[in-house]
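Chemist: Okay, handing you the structure first.
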Amino acid sequence: MGWNMANASPVIQTNKLSKIYSTGRVNVEALKDIDLDIDCGTFVAVTGASGSGKSTLLNLLGGLDRPTSGAIEVNGKRISELNRGEMALFRRFSVGMIFQSFNLIPSRSALENIELPMIFANAAKRDRKRRAEAMLERVGLLPRRRHRPAELSGGEQQRVAIARALINEPQILLADEPTGNLDSRTSRGILELLADLNRRQGLTVVLVSHEVALAREFSRDIILLRDGRLESREKVR
Amino acid sequence: MKISDYIELSFSNLWKRKLRTFLTAFGVMVGIGALVAMVGFGKGMQKNMTESFESLDLFNSLTVFPSGTMTRRFGADPDDQIRPQENPQVQPAVLDEEAIKRFEKLEGVQSVFPEIRFPALVKYKDTQEMRLVQVIPAEIASSKLIKLEAGKPFGQDDEDSVIIGRSLLGPLKIKDPASVLGQKIEIASIAFDFTAFNPMNIPSFLQGKQLPFKRKTYEFAVVGVMGPMSLGNTSPLQSDVFIPPGSAQRIEKLPFTNIWDLFQARGGTLGYSAVNVRLSSPRAADAVKKEIQDMGFSTFALIDQFNQIKTSFVYMDMILAAVAMIAIFVASLGIINTMVMSIMERYSEIGIMKAVGGSDRDIQKIFFFESSSIGFLGGVFGLALGWTVSRIINRVLNYFLAKQGLPFLEYFSFPLWLCVGAIAFSIIVSLVSGIYPAHRAATVDPVIALRHD
């Protein structure tokens with residue numbers, strides 16, 4: 343693994359990143375002055391108690407939300423300064439996201455769900471199908487390509503979500519509690535898939551999880567958040 | 048995103064909610080169907096009118112009056128006319144044989160015949176009817192202006208022949224038009240007696256006393272029976288008894304048809320009350336009209352009045368369309384409702400689409416395509432509905448009108464622009480209805496939408 347560390351350069355950098363949610367009169371400081379850099383090709387886990395700001399951080403890194411103050415740079419590009427259209431392009435090509443509740447479109451088959459990001463990317467129809475099937479094969483679900491999410495198990499749904507997140511070949515995968523709805527055996531399977539993608543393809547993985555033991559097992563770096571602040575950062579290996 | 052992707056996506060989304068899509072499109076369909084049927088009816092009436100005018104060759108004719116009589120006769124807008132008092136240098140012109148010869152020399156004029164109509168008693172066996180007898184040359188009798196149901200037109204201008212209109216058969220107790228052919232009828236003229244005419248007596252004969260008339264009876268053979276006049280007829284032939292000019296000359300008759308002509312005659316010069324000028328083509332109308340007006344006559348061209356009729360058809364179309372617009376407005380509320388509902392249900396789906404890289408504009412377009420697909424479906428089926436309903440109405444209408452002896456008529460017309468326009472209009476209405484829902488979908492916050500469940 344040493345070769346990876348040697349070539350490491352930060353793919354994600356944040357500078358005094360803060361996010362304040364204002365609900366009526368009350369302002370909630372979800373994140374406060376986060377300075378972070380994540381190297382290319384690494385596997386980082388972000389842990390912390392519920393409400394510590396893990397998901398908020400991930401949404402900011404994924405371009406779904408905007409910081410109240412501070413800057414985010416991904417691949418040298420300041421995404422905190424992009425307009426809405428550029429932000430959509432960033433989400434489309436530069437990052438893939440998976441979620442605790444899988445977030446597949448229930449009315450569409452596994453194959454159609456995976457094709458969706460390619461539709462936005464303007465890919466040709468035949469190309470889309472070929473690439474989606476190849477990706478389903480990678481996650482071991484090609485025989486279930488016609489099934490709708492409700493006809494798939496939780497683990498299978500999350501595999502479809504991973505395939506969808508990676509179909510436009512982003513460098514970064516952001517995973518928000520991907521095993522939160524899965525039993526421990528299936529959880530392990532999903533994390534093994536992520537670790538494998540990280541190892542073989544050099545995919546940068548940022549995993550948000552409150553299961554510290556599991557996170558420790560698969561990641562190289564553990565970041566601990568507490569009340570919106572970066573509490574500690576620990577290199578596991 | 049590609050256009051084909053938008054279409055595929057929107058149709059597959061609509062297909063997943065079949066009943067709702069159908070009900071919404073049905074609303075649009077009813078509105079568009081009503082619009083198509085209404086406008087189709089307006090266009091059909093207009094087409095019938097134009098065709099009947101054209102088939103009678105009416106655009107080729109021009110009626111000339113002695114100056115100043117025209118506005119009283121037709122009640123047309125006086126501002127449209129060149130009035131003699133506005134051209135003081137023009138002598139009051141008389142419509143006589145000489146004037147006719149001058150008209151005949153004008154370029155674009157095919158033939159000129161005086162419009163002579165006089166009141167007369169028409170007798171057949173023991174029945175008699177008071178009618179206006181019109182004098183027409185043999186050439187006109189053989190033209191498209193007269194549609195014969197039986198018999199033939201007069202061959203020459205000096206035959207003692209008569210063509211009678213169908214409307215005269217009833218009053219004269221004739222059942223079969225063919226049976227009257229070759230029969231003799233008597234025309235008794237009531238002639239104006241100049242010797243008895245004294246200007247001082249005008250008030251008294253306006254009251255019907257001391258009329259300076261005398262009567263004479265002439266015999267004519269029926270050679271033809273003219274078919275029924277169409278409704279709203281404005282043909283220069285406004286009579287149901289026609290005789291050729293040669294034999295008409297032998298009749299002592301009045302050269303006028305209404306009371307104004309009496310004053311016309313007072314100047315000592317006697318002319319025709321009106322002259323029909325037949326043109327070689329409707330394009331010559333304006334030039335010929337101008338030349339004749341420069342000679343000091345008033346003119347009346349049907350084509351002018353037809354343009355007025357056309358304007359009134361535009362108003363009729365607008366009223367008919369306005370009724371249909373109410374239905375379309377309601378349908379568009381239906382579209383808005385359906386789209387807003389759909390966005391509520393697909394809130395997290397919109398969040399997902401944004402998370403995987405859909406831009407605001409992509410989302411907006413997806414919903415625009417969905418609402419315009421509803422419009423397209425509603426438009427196509429609405430067109431079919433409007434057409435079907437108009438077929439049925441046309442059948443029923445003709446069934447009842449046939450009982451009253453009216454010929455079969457197509458009351459609806461669907462020109463291509465109406466069909467294409469109806470679908471295009473339906474799509475436009477649904478696009479407009481989609482503005483608010485699409486905007487709402489585009490501005491969904493993905494963070495909130497993904498937290499939704």
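As given, the protein sequences belong to chains A and B, one line each in that order.
Position one of the first sequence corresponds to residue 343 (the working numbering), numbered consecutively onward.
Position one of the second sequence corresponds to residue 48 (the working numbering), numbered consecutively onward.
Here a beta-carbon is modelled for each residue, glycine too, at the ideal position from N, C-alpha and C.
#1: What separation, rounded to the nearest whole angstrom, lies between the Cα atoms of Val272(B) and Ile183(B)?
#2: Can you grab the Cα-Cα spacing for the pair Arg578(A) / Leu508(A), in whole Å?
#3: Give the straight-line distance between the Cα atoms of Ser286(B) and Phe447(B), rounded to the nearest whole angstrom.
#4: Is Ser609(A) helix, strand or coil when you go by DSSP?
#5: Using a beta-carbon distance cut-off of less than 9 Å, what residues from the region 354–370 of chain A approach chain B?
#6: Which of the three DSSP states, helix, strand or coil, is assigned to Asn384(B)?
#7: Going by CA-CA distance only, name the one from Ala372(A), His552(A), Val547(A), Gly393(A) that's closest to Thr384(A).
#8: According to DSSP, is Tyr171(B) part of a helix, a strand, or is it coil?
#9: From Glu55(B) to Ile397(B), what distance separates their C-alpha atoms?
#10: Between the region 534–546 of chain A and chain B, which residues of the former have CB atoms less than 8 Å from a CB of the latter, in chain order?
#11: Tell me whether Ala369(B) is buried or exposed, calling it buried when 16 or more other Cβ atoms sit within 10 Å of its Cβ.
#12: What are the boundary residues of the beta strand (DSSP E) that Asn323(B) is part of?
#13: Report the partner residues of Leu566(A) according to the DSSP bridge assignment.
#14: Cβ of Thr389(A) within 9 Å of Cβ of Leu567(A)?
#15: At the 9 Å Cβ level, is Lys49(B) part of the contact set with chain A, yes or no?
#16: Name the residues in the region 63–86 of chain B whose C-beta lies less than 7 Å from a C-beta of chain A; which are they?
#17: Using DSSP with H/G/I as helix, E/B as strand and the rest coil, what is Arg292(B)?
#18: To which residues does DSSP link Lys148(B) through a beta bridge?
#19: Along the chain, where does the alpha helix (DSSP H) that runs through Ser418(B) open and close?
#20: Assign Ser418(B) to buried or exposed, taking buried as 16 or more other Cβ atoms, counted over all protein chains shown, within 10 Å of its Cβ.
#21: Please classify Leu179(B) as buried or exposed, where buried requires at least 16 other C-beta atoms within 10 Å of its C-beta.
#22: Counting pairs of Cβ atoms below 8 Å between the region 354–362 of chain A and the region 404–421 of chain A, do you hit three or more?
#23: Quick one: which chain B residues come within Cβ less than 7 Å of Ile447(A)?
#24: For Gln181(B), which beta-bridge partners are listed by DSSP?
#25: Using a Cβ-Cβ cut-off of 9 Å, state whether Val494(B) counts as contacting chain A.
#26: Quick check on the burial criterion: 16 or more other C-beta atoms within 10 angstroms. Buried or exposed for Val27(B)?
#27: Taking Cβ-Cβ distances shorter than 8 Å, what residues in chain B pair up with Ala463(A)?
#28: Per the DSSP calculation, Ala517(A) is bridged to which residue(s)?
#29: Across the region 456–472 of chain B and the region 92–103 of chain B, are there enough close Cβ pairs to call them in contact, namely three or more that are closer than 8 Å?
#30: Step through the CB atoms of chain B and report whether any lies within less than 9 Å of the CB of Gly427(A).
#31: Does the contact criterion of 3 or more C-beta pairs under 8 Å hold for the region 475–485 of chain A versus the region 420–437 of chain A?
#32: Kindly say whether Leu497(B), judged by its beta-carbon, lies nearer than 9 Å to any beta-carbon of chain A.
#33: Along the region 393–404 of chain A, what residues have a CB closer than 7 Å to any CB found in chain B?
#34: Looking at the unbroken beta strand (DSSP E) that takes in Gly198(B), where does it start and where does it end?
#35: State the beta-bridge partners of Pro352(A) as determined by DSSP.
#36: Pick helix, strand or coil for Phe252(B), following the three-state DSSP scheme.
Modeler: Let me lay it out:
#1: In the second sequence, counting from the first residue as 1, residue 272(B) sits at position 225. In the second sequence, counting from the first residue as 1, residue 183(B) sits at position 136. Using only the alpha carbons, I get a separation of about 15 Å.
#2: Counting from one through the first sequence, the residue named residue 578(A) turns up at place 236. Counting from one through the first sequence, the residue named residue 508(A) turns up at place 166. A small fix is needed here, since residue 578(A) is Val in this sequence, not Arg. Approximately 26 Å between the Cα atoms of the pair.
#3: The count along the second sequence starts at 1 and reaches residue 286(B) at position 239. The count along the second sequence starts at 1 and reaches residue 447(B) at position 400. Rounded to whole angstroms, Ser286(B) to Phe447(B) spans 28 Å at the Cα level.
#4: The question about residue 609(A) has no answer, for chain A in this structure spans 343 to 579.
#5: none
#6: Translated into the one-based positions of the second sequence, residue 384(B) becomes position 337. Three-state DSSP puts Asn384(B) in a helix.
#7: Mapped onto the first sequence, residue 384(A) falls at position 42. Ranking the options by Cα distance to Thr384(A), first place goes to Val547(A).
#8: Within the second sequence, residue 171(B) is the residue found at index 124, counting from 1. Looking at Tyr171(B) - three-state DSSP - the assignment turns out to be strand.
#9: The sequence position of residue 55(B) within the second sequence is 8, counting from 1. The sequence position of residue 397(B) within the second sequence is 350, counting from 1. Their backbone Cα atoms lie some 17 Å apart in a straight line.
#10: none
#11: Counting from one through the second sequence, the residue named residue 369(B) turns up at place 322. Exposed.
#12: What you label residue 323(B) is simply residue 276 of the second sequence in a count that begins at 1. Run containing Asn323(B): 321–326, per the beta strand (DSSP E) assignment.
#13: Position 224 of the first sequence, counted from the first residue, corresponds to residue 566(A). Leu566(A) is bridged to Thr389(A), Ser574(A).
#14: Position 47 of the first sequence holds residue 389(A). Position 225 of the first sequence holds residue 567(A). Taking 9 Å as the Cβ cut-off, Thr389(A) and Leu567(A) qualify as a contacting pair.
#15: The sequence position of residue 49(B) within the second sequence is 2, counting from 1. With 9 Å as the cut-off, Lys49(B) counts as an interface residue toward chain A.
#16: Lys63
#17: For the purposes of this step, residue 292(B) is identified with residue 245 of the second sequence, where counting begins at 1. Checking the displayed sequence, the identity of residue 292(B) turns out to be Pro instead of Arg. In the structure shown, Pro292(B) sits in a helix (DSSP, three-state: H, G or I).
#18: Looking up residue 148(B) in the second sequence gives position 101. Looking at the DSSP assignment, Lys148(B) forms no beta bridge with any residue, so it has no partner.
#19: Taking the second sequence and counting its residues from 1, one reaches residue 418(B) at position 371. Per DSSP, Ser418(B) belongs to the alpha helix (DSSP H) from 407–450.
#20: Within the second sequence, the letter at position 371 stands for residue 418(B). Buried: at least 16 other Cβ atoms inside 10 Å.
#21: Your numbering for residue 179(B) matches position 132 in the second sequence. Exposed is the call here.
#22: yes
#23: One-based indexing of the first sequence puts residue 447(A) at position 105. Per Cβ cutoff of 7 Å: Glu396, Ile399.
#24: For the purposes of this step, residue 181(B) is identified with residue 134 of the second sequence, where counting begins at 1. Answer is Arg164(B), Phe289(B).
#25: Here residue 494(B) refers to the residue found at position 447 of the second sequence. Yes, because at least one Cβ of chain A sits closer than 9 Å to the Cβ of Val494(B).
#26: No statement about residue 27(B) is possible, as the shown extent of chain B runs from 48 to 500 and does not include it.
#27: Counting from 1 along the first sequence, the entry for residue 463(A) is found at position 121. Gly404, listed in chain order.
#28: Taking the first sequence and counting its residues from 1, the one referred to as residue 517(A) is at position 175. Per DSSP, Ile440(A), Leu549(A).
#29: yes
#30: Mapped onto the first sequence, residue 427(A) falls at position 85. Taking Cβ atoms only, chain B reaches closer than 9 Å to Gly427(A), which makes this a yes.
#31: no
#32: In the second sequence, the residue the question calls residue 497(B) occupies position 450. For Leu497(B), the answer is yes, since a Cβ of chain A falls inside 9 Å of its Cβ.
#33: Asn401
#34: To locate residue 198(B), count along the second sequence from 1; it is residue 151. That run of the beta strand (DSSP E) goes 195–198.
#35: Taking the first residue of the first sequence as 1, we reach residue 352(A) at position 10. According to DSSP, Pro352(A) bridges with Asp381(A).
#36: Looking up residue 252(B) in the second sequence gives position 205. In this predicted model, Phe252(B) has a pLDDT of only 49, less than 50, meaning its place in the structure is not dependable; the value taken from the coordinates is given anyway. Helix, per DSSP.
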